[in-house]
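Q: Dropping a structure here in structure tokens format, bear with me for questions.
Protein chains: 2
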Amino acid sequence: EANQRGAKFLCIIKLPVASRKVNTEVNTRKKTFTEVQTERLEQAERTVLIKCPSRLNEKKLLQYLSSHGKINSHFFFENRGIHALVEFSEKSSVASLQDVVGIPKAAEHHVVPFKSRLFTFTLKNPVTKAAQETPVHLSPQSHIPVNELIQKLYRADSISSQMYILLNEYQLTEENTKLRFLACSLVQDFARAYFPDSTVKPFGSSVNTFGKLGCDVDMFLDFHDTQEHATQMKKGPFEMEYQMKRLPSERLATQKILSVIGDCLDNFGPGCMSIQKILNARCPLVKFAHQPTGFQCDLSVSNSIAIKSSELLYIYGNLDSRVRALVFSLRCWARVHGLTNSVPGTWITNFSLTMMVMFFLQKRSPPIIPTLDQLKELADEKDKHIIGGNDCSFVSDLSKINPTKNTETLDELLCDFFEYFGNFDFRKNSLNLRRGKEVNKPESSPLYIWNPFEQDLNISKNVNQPQLEKFVAMARESAWILQKEDRTQRMINKEPWGLAALLTPFGKSNPNKMRRTKGLGSETIRSLLDSLKLSNASNLQKAVGK
Amino acid sequence: EANQRGAKFLCIIKLPVASRKVNTEVNTRKKTFTEVQTERLEQAERTVLIKCPSRLNEKKLLQYLSSHGKINSHFFFENRGIHALVEFSEKSSVASLQDVVGIPKAAEHHVVPFKSRLFTFTLKNPVTKAAQETPVHLSPQSHIPVNELIQKLYRADSISSQMYILLNEYQLTEENTKLRFLACSLVQDFARAYFPDSTVKPFGSSVNTFGKLGCDVDMFLDFHDTQEHATQMKKGPFEMEYQMKRLPSERLATQKILSVIGDCLDNFGPGCMSIQKILNARCPLVKFAHQPTGFQCDLSVSNSIAIKSSELLYIYGNLDSRVRALVFSLRCWARVHGLTNSVPGTWITNFSLTMMVMFFLQKRSPPIIPTLDQLKELADEKDKHIIGGNDCSFVSDLSKINPTKNTETLDELLCDFFEYFGNFDFRKNSLNLRRGKEVNKPESSPLYIWNPFEQDLNISKNVNQPQLEKFVAMARESAWILQKEDRTQRMINKEPWGLAALLTPFGKSNPNKMRRTKGLGSETIRSLLDSLKLSNASNLQKAVGK
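Sequence order for the protein chains is A and W. Counting in the UniProt record's numbering, the first sequence runs from 1 upward without gaps. Counting in the UniProt record's numbering, the second sequence runs from 1 upward without gaps.
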């Protein structure tokens with residue numbers, strides 16, 4: 001039922017990942033996280049990226065490329081010029097194309113002759129051909145600005161509708177997801193040059209169904225397969241081993257490998273810019289801008305728990321359409337009000353905020369999503385994963401999880417989220433998603449959210465008292481707005497209403513865009529809010545543990 | 001005729017490279033430099049290096065390896081333990097072997113899992129099996145020390161014989177040559193990871209027939225094939241080019257590529273130690289010690305003129321057996337007397353000294369080797385090479401060059417070499433190997449030897465006046481020793497004679513090894529030499545240009 005509420009929006013949402021129909025056999029059920037990852041990685045290996053002239057004859061380009069094999073899909077996008085992503089049906093087509101692609105002639109001796117899957121397509125005779133060329137359809141690779149979004153939200157018929165509009169505008173598109181996997185696959189080409197069994201996989205927001213257009217691509221280098229090879233075979237009286245560089249610690253090996261791959265990207269990788277090696281971090285990584293795809297990338301080495309977190313969110317995001325709509329709305333809300341930030345600090349992270357929403361959804365009655373312990377009970381033998389002594393097992397098959405009986409609207413859920421955390425006893429309690437329960441805080445961090453897989457760790461350890469207080473205050477203010485607002489009056493006043501009101505910085509409504517009228521104007525609201533804050537001040541301080 | 005003089009020594013000399021019989025078709029003529037290079041490089045790609053226990057059952061190892069394919073050749077050598085170089089008949093055998101070789105188990109997570117062609121072979125049950133294991137025959141990879149050589153020379157029957165003994169002890173063996181090409185091939189694996197069309201080839205002493213056991217391996221990275229690809233194809237109205245890192249100069253591209261490959265060797269290459277990047281040199285290079293093969297290596301980027309110099313020497317070295325015997329003897333002589341040095345400086349280089357010998361041999365009557373202009377006249381269309389505006393064409397087919405009519409013995413040639421350069425007018429004249437003539441010096445460098453391919457350059461520009469004077473003085477002293485010495489008397493006195501006398505530091509005969517007797521002892525010789533030097537002092541100063 002809950003799914004039906006979102007149904008009319010679902011039809012216009014390009015669902016990334018799980019809803020795509022690829023073959024009829026698995027069409028009856030949603031794919032597992034691993035199936036989606038494997039399929040997308042394999043697709044990306046058959047994909048090339050071509051820089052095109054601003055006007056071109058799409059048909060002729062495709063005709064030309066088709067001479068190297070069947071094309072499965074393609075799209076165009078703008079990123080310092082027009083680019084085409086082209087997915088062939090067979091990997092061999094890429095090699096066939098590469099065989100006839102030339103090395104830039106203009107400065108033949110001044111290029112690094114690394115042959116990637118990034119090409120430039122030009123017309124030999126641009127003038128005479130221009131007549132046949134037409135602009136191509138461009139797939140957007142970034143979301144609209146918040147002020148434009150607010151305009152769109154104005155015309156919706158409910159807060160639920162507004163939340164689905166936001167989701168639709170901000171979520172990753174099918175095209176953007178392909179581009180992310182391609183970026184990983186191109187980095188994988190670098191890693192496989194030396195480690196043919198390695199894989200570069202995206203994790204986090206690119207794959208957990210909660211990614212926003214424009215978010216960074218987190219990727220990791222996986223040697224898993226290599227290590228499995230090591231344990232195989234060895235019969236007879238002999239043993240033959242590779243001579244290999246030995247290092248005193250795995251961390252040092254990771255640092256050296258990342259460092260060299262970083263140098264390779266820097267020196268050989270077309271469009272790999274601003275390489276930063278952050279090798280002394282807890283999790284060593286290489287940051288770089290990948291200009292051809294337009295992504296900011298973070299490359300680290302396989303972190304099994306991070307993948308499990310991605311998979312867990314993938315499952316929650318796929319269980320019920322309200323989950324993602326609520327998370328996207330709340331992330332946008334938190335960002336507008338400065339509760340989250342793109343740089344690390346004492347702010348609540350997007351991951352922590354998402355986990356707060358998950359916890360809230362576990363606590364509904366009836367619950368909208370199951371607890372992690374419940375997901376673990378549904379796990380079968382192949383779902384068993386013990387990582388570093390932690391049991392990270394949970395069901396991977398979505399069809400084994402019963403749909404929720406909960407029928408609350410997103411309007412209700414949004415308002416209740418603010419109320420729930422506006423009144424949460426952060427001083428005493430922590431959020432435990434494994435059990436779906438508030439439990440006593442094991443230590444004094446202002447905000448304590450149990451790491452679902454490493455139960456001794458607090459994923460929101462970075463959050464300080466002032467940031468938590470700000471969050472609680474904003475939640476209360478938002479709950480108040482939603483409860484008190486007169487939608488009809490606001491629409492008459494041409495003021496933002498519902499979600500749009502929450503996405504406008506409080507006390508900063510824009511007089512140019514939204515003409516003020518008499519009645520319950522924003523200044524009136526602000527003074528009311530101020531009085532609310534005053535009256536609640538002692539309560540708030542108690543709640544956040546002062 | 002000249003060849004016949006050396007014939008009895010040739011039978012015991014393992015001729016590297018050109019004399020090997022590989023197939024009957026080309027057996028009738030000596031192979032060209034390029035044919036030899038191509039064949040050896042291809043062999044090296046089918047070759048693996050295996051670290052073995054100190055005692056092993058050779059038969060069982062070969063039996064085990066044969067399960068992956070036919071073995072063409074193998075040998076064992078000592079280098080921090082026993083190693084086996086094994087050349088398979090097919091390249092696919094290497095891949096087949098690699099598939100079953102394990103990653104070191106002991107510290108599984110602390111290795112860099114780069115899979116090379118370097119393996120370690122161990123017995124699972126070393127104690128029980130030990131009975132079956134026997135020591136294997138080891139091929140020497142270094143030459144005997146000079147004092148041991150001098151003992152061997154004592155028993156020879158002529159100076160010619162002594163010179164062939166020296167050649168036989170010092171020249172590269174078939175096995176050592178294979179090991180050198182393997183070292184290049186292993187570095188090539190690193191380069192091909194990113195540049196699949198590239199080749200790493202040895203040049204200089206490893207391939208010019210004048211290399212001494214233990215000399216460094218000079219290798220270069222060749223992108224030649226890559227660039228040829230670039231010019232191919234391109235039809236239809238479109239053009240497709242690779243996106244590639246562009247750099248303002250070829251030099252910068254070279255530096256970046258060498259730098260990254262240096263890092264890869266350093267961090268991933270088993271046994272690649274002491275990597276030094278010398279990127280700001282005129283010819284940027286990376287130096288490293290390759291422990292598995294035991295070589296000190298210099299990796300640079302393709303230098304066509306250096307290859308042509310190697311080929312020219314290869315031709316001269318193959319034309320007449322006296323050429324190499326004379327060069328090896330004179331290099332050893334120069335080294336003993338401090339005229340050459342392994343570190344760069346104002347000393348005469350081995351290359352310059354070799355060119356002086358070539359010039360001397362061009363000047364004999366009749367000449368023993370042709371001039372470069374004569375070799376150019378014999379060149380056909382495929383031998384044409386213009387490099388950077390310089391005509392580097394010369395004949396590649398050895399059979400086109402007529403054998404010399406000169407029948408002088410090496411005894412005569414050695415003595416005449418000292419006399420010729422002892423009296424050469426270095427003040428006025430330079431050595432021009434292209435024309436085989438002394439010509440007026442174009443500038444005032446103490447020693448001027450025309451670069452055979454870049455005629456404006458002096459290959460011995462580094463040599464200063466004192467070093468040249470020392471060379472001339474030593475040449476005169478050596479001529480005097482050879483002319484004056486009484487071999488029978490010296491043999492009775494158990495003193496070094498002939499070449500051995502020349503290889504004993506003058507005035508430093510060793511009383512422990514060579515007991516002094518009355519008669520023309522070393523001290524008498526020294527005083528005679530001193531008087532000679534005095535009487536010749538003004539003449540010497542005039543000759544060297546003071």
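Glycine is no exception: its CB is placed at the ideal position from the N, C-alpha and C atoms.
Tell me, please, whether the CB atom of Pro-53 (chain A) is closer than 8 Å to any CB atom in chain W?
A: Position 53 of the first sequence, counting from 1, holds the residue named residue 53 (chain A). Cβ-Cβ to chain W under 8 Å: no for Pro-53 (chain A).
Q: Taking 8 Å as the CB-CB limit, is Lys-91 (chain A) close to chain W?
A: Start at 1 with the first residue of the first sequence, and residue 91 (chain A) comes out as number 91. Taking Cβ atoms only, chain W never reaches closer than 8 Å to Lys-91 (chain A), which makes this a no.
Q: Can you say whether Arg-155 (chain W) is buried or exposed, counting buried as having 16 or more other CB atoms within 10 angstroms of its CB?
A: Numbered from its first residue, the second sequence carries residue 155 (chain W) at position 155. The residue in question, Arg-155 (chain W), is exposed, as its Cβ has fewer than 16 Cβ neighbours within 10 Å.
Q: In angstroms, rounded to a whole number, what distance separates the CA positions of Val-22 (chain A) and Asn-168 (chain A)?
A: Taking the first residue of the first sequence as position 1, residue 22 (chain A) is located at position 22. Taking the first residue of the first sequence as position 1, residue 168 (chain A) is located at position 168. Low local confidence applies: a pLDDT of 39 at Val-22 (chain A) is under 50, so the model's placement there is unreliable, and no value is given.
Q: What residue does the alpha helix (DSSP H) around Lys-152 (chain W) start on, and which one ends it?
A: Position 152 of the second sequence holds residue 152 (chain W). Run containing Lys-152 (chain W): 146-154, per the alpha helix (DSSP H) assignment.
Q: Name the chain A residues that come within less than 8 Å of Lys-245 (chain W), Cβ to Cβ?
A: Taking the first residue of the second sequence as position 1, residue 245 (chain W) is located at position 245. Chain A residues near Lys-245 (chain W): Val-111, Val-112, Phe-114, Asn-267, Phe-268, Gly-269 and Pro-270.
Q: Just to confirm, is the Cβ distance from Phe-190 (chain W) to Cys-264 (chain W) under 8 Å?
A: Position 190 of the second sequence, counted from the first residue, corresponds to residue 190 (chain W). Position 264 of the second sequence, counted from the first residue, corresponds to residue 264 (chain W). Cβ atoms of Phe-190 (chain W) and Cys-264 (chain W): closer than 8 Å.
Q: Taking CB distances under 8 Å as the criterion, tell me whether Ile-103 (chain A) reaches chain W.
A: One-based indexing of the first sequence puts residue 103 (chain A) at position 103. Yes, Ile-103 (chain A) lies at the interface with chain W (some Cβ there is under 8 Å from its Cβ).
Q: List the DSSP bridge partners of Gln-276 (chain W).
A: In the second sequence, the residue the question calls residue 276 (chain W) occupies position 276. The partner list for Gln-276 (chain W) (beta bridge, DSSP) reads W:Lys-287.
Q: From Asp-456 (chain A) to Ser-444 (chain A), what distance separates their C-alpha atoms?
A: Translated into positions along the first sequence, residue 456 (chain A) becomes position 456. Translated into positions along the first sequence, residue 444 (chain A) becomes position 444. C-alpha separation (whole angstroms): 13 Å.
Q: Are any of the Cβ atoms in chain W nearer than 8 Å to that of Lys-124 (chain A)?
A: Looking up residue 124 (chain A) in the first sequence gives position 124. Closer than 8 Å: yes.
Q: Examine the Cβ distances between the stretch 268-281 of chain A and the stretch 349-357 of chain A and report whether three or more of them are shorter than 8 Å.
A: The answer is no - the stretch 349-357 of chain A does not touch the stretch 268-281 of chain A, with fewer than three Cβ pairs under 8 Å.
Q: Would you mind reading off the limits of the beta strand (DSSP E) that contains Asp-222 (chain A)?
A: Within the first sequence, residue 222 (chain A) is the residue found at index 222, counting from 1. Residues 217-222.
Q: Could you tell me whether the Cβ of Cys-264 (chain W) comes closer than 8 Å to any Cβ of chain A?
A: Taking the second sequence and counting its residues from 1, the one referred to as residue 264 (chain W) is at position 264. Closer than 8 Å to some Cβ of chain A, the Cβ of Cys-264 (chain W) qualifies, so yes.
Q: By the DSSP assignment, the alpha helix (DSSP H) with Ala-84 (chain W) in it spans what residues?
A: Within the second sequence, numbered from 1, the residue matching residue 84 (chain W) stands at position 84. Not the alpha helix (DSSP H): Ala-84 (chain W) falls in the beta strand (DSSP E), residues 82-88.
Q: Between Ala-289 (chain A) and Ser-259 (chain W), what straight-line distance do the alpha-carbon atoms span, to the nearest angstrom?
A: For this step, residue 289 (chain A) is matched to residue 289 along the first sequence. For this step, residue 259 (chain W) is matched to residue 259 along the second sequence. Taking the straight line joining both Cα atoms gives about 22 Å.
Q: Tyr-242 (chain W) bridges to which residues according to DSSP?
A: In the second sequence, the residue the question calls residue 242 (chain W) occupies position 242. According to DSSP, which records beta bridges pairwise, Tyr-242 (chain W) is partnered with A:Phe-119.
Q: Using the Cβ count rule (16 or more neighbours within 10 Å means buried), how would you classify Pro-196 (chain A)?
A: In the first sequence, counting from the first residue as 1, residue 196 (chain A) sits at position 196. Answer is exposed; the Cβ neighbour count stays below 16.
Q: Per DSSP, what are the beta-bridge partners of Phe-394 (chain W) in this structure?
A: Counting from 1 along the second sequence, the entry for residue 394 (chain W) is found at position 394. DSSP lists no partner for Phe-394 (chain W).
Q: Please name the residues in the stretch 163-197 of chain A whose beta-carbon is closer than 7 Å to at least one beta-carbon of chain W, in chain order.
A: The stretch 163-197 of chain A vs chain W, Cβ under 7 Å: Ala-193, Tyr-194 and Phe-195.
Q: For chain A, check one thing: does any of its Cβ atoms lie closer than 8 Å to the Cβ of Thr-346 (chain W)?
A: Here residue 346 (chain W) refers to the residue found at position 346 of the second sequence. It does not; no Cβ of chain A falls within 8 Å.
Q: Identify whether Asn-72 (chain A) lies in helix, strand or coil by the three-state DSSP scheme.
A: On the first sequence, residue 72 (chain A) is found 72 positions in, with the first residue counted as 1. It is a strand residue.
Q: Of the choices A:Asn-176, A:Cys-392, A:Ile-307 and A:Glu-174, whose alpha-carbon is the least far from that of Leu-221 (chain A)?
A: Residue 221 (chain A) sits at position 221 when you count from the first residue of the first sequence. The shortest Cα separation from Leu-221 (chain A) among A:Asn-176, A:Cys-392, A:Ile-307 and A:Glu-174 belongs to A:Ile-307.
Q: Is Trp-497 (chain W) near Arg-490 (chain W), with beta carbons less than 8 Å apart?
A: Counting from one through the second sequence, the residue named residue 497 (chain W) turns up at place 497. Counting from one through the second sequence, the residue named residue 490 (chain W) turns up at place 490. Result yes, Cβ atoms of Trp-497 (chain W) and Arg-490 (chain W) sit closer than 8 Å.
Q: Rounding to the nearest angstrom, what Cα-Cα distance links Glu-239 (chain W) and Phe-121 (chain A) in this structure?
A: Along the second sequence, read from residue 1 onward, the residue named residue 239 (chain W) stands at position 239. Along the first sequence, read from residue 1 onward, the residue named residue 121 (chain A) stands at position 121. Taking the straight line joining both Cα atoms gives about 6 Å.
Q: Leu-258 (chain W) CB to nearest chain A CB: under 8 Å?
A: The sequence position of residue 258 (chain W) within the second sequence is 258, counting from 1. Answer no: the Cβ-Cβ gap between Leu-258 (chain W) and chain A never drops below 8 Å.
Q: Given a limit of 9 Å on CB to CB distance, which residues of the stretch 287-307 of chain W reach chain A?
A: For the stretch 287-307 of chain W, which is checked against every Cβ of chain A, the residues closer than 9 Å are Pro-292.
Q: DSSP on Ser-300 (chain W), reduced to helix/strand/coil?
A: Translated into positions along the second sequence, residue 300 (chain W) becomes position 300. It is a strand residue.
Q: Would Thr-346 (chain A) and Asn-493 (chain A) qualify as a contact pair, given that the criterion is a beta-carbon distance under 8 Å?
A: Counted from its first residue, the first sequence places residue 346 (chain A) at position 346. Counted from its first residue, the first sequence places residue 493 (chain A) at position 493. No, the pair does not count as a contact, with Cβ atoms beyond the cut-off.
Q: Determine, using beta carbons only, whether Tyr-170 (chain W) and Phe-417 (chain W) come nearer to each other than 8 Å.
A: Reading the second sequence from its first residue, position 170 is the one you call residue 170 (chain W). Reading the second sequence from its first residue, position 417 is the one you call residue 417 (chain W). No. Outside cutoff.
Q: Gly-102 (chain A) bridges to which residues according to DSSP?
A: Numbered from its first residue, the first sequence carries residue 102 (chain A) at position 102. Per DSSP, W:Glu-241.
Q: Specify whether the stretch 45-62 of chain W and the stretch 177-185 of chain W touch according to this definition: at least 3 beta carbon pairs, one from each stretch, less than 8 Å apart.
A: Contact holds: three or more Cβ-Cβ distances are below 8 Å.
Q: Can you tell which of A:Val-94, A:Ala-183 and A:Glu-419 has the C-alpha that lies nearest to the C-alpha of Ile-71 (chain A)?
A: Taking the first sequence and counting its residues from 1, one reaches residue 71 (chain A) at position 71. When only C-alpha atoms are compared, the closest one is A:Val-94.
Q: Closest Cβ-Cβ distance between Tyr-154 (chain A) and chain W: below 8 Å?
A: Here the question's residue 154 (chain A) lines up with position 154 in the first sequence. No - not a single Cβ of chain W is within 8 Å of the one on Tyr-154 (chain A).
Q: Which residues, taken in chain order from the UniProt domain "PAP-associated" (412-447) of chain A, show a beta carbon closer than 7 Å to some beta carbon of chain W?
A: Under the 7 Å Cβ criterion, the UniProt domain "PAP-associated" (412-447) of chain A contributes no residue.
Q: Against chain W, does Glu-78 (chain A) count as a neighbour if the rule is that its beta carbon must be under 8 Å from one of theirs?
A: Taking the first residue of the first sequence as 1, we reach residue 78 (chain A) at position 78. Not closer than 8 Å to any Cβ of chain W, the Cβ of Glu-78 (chain A) fails to qualify, so no.
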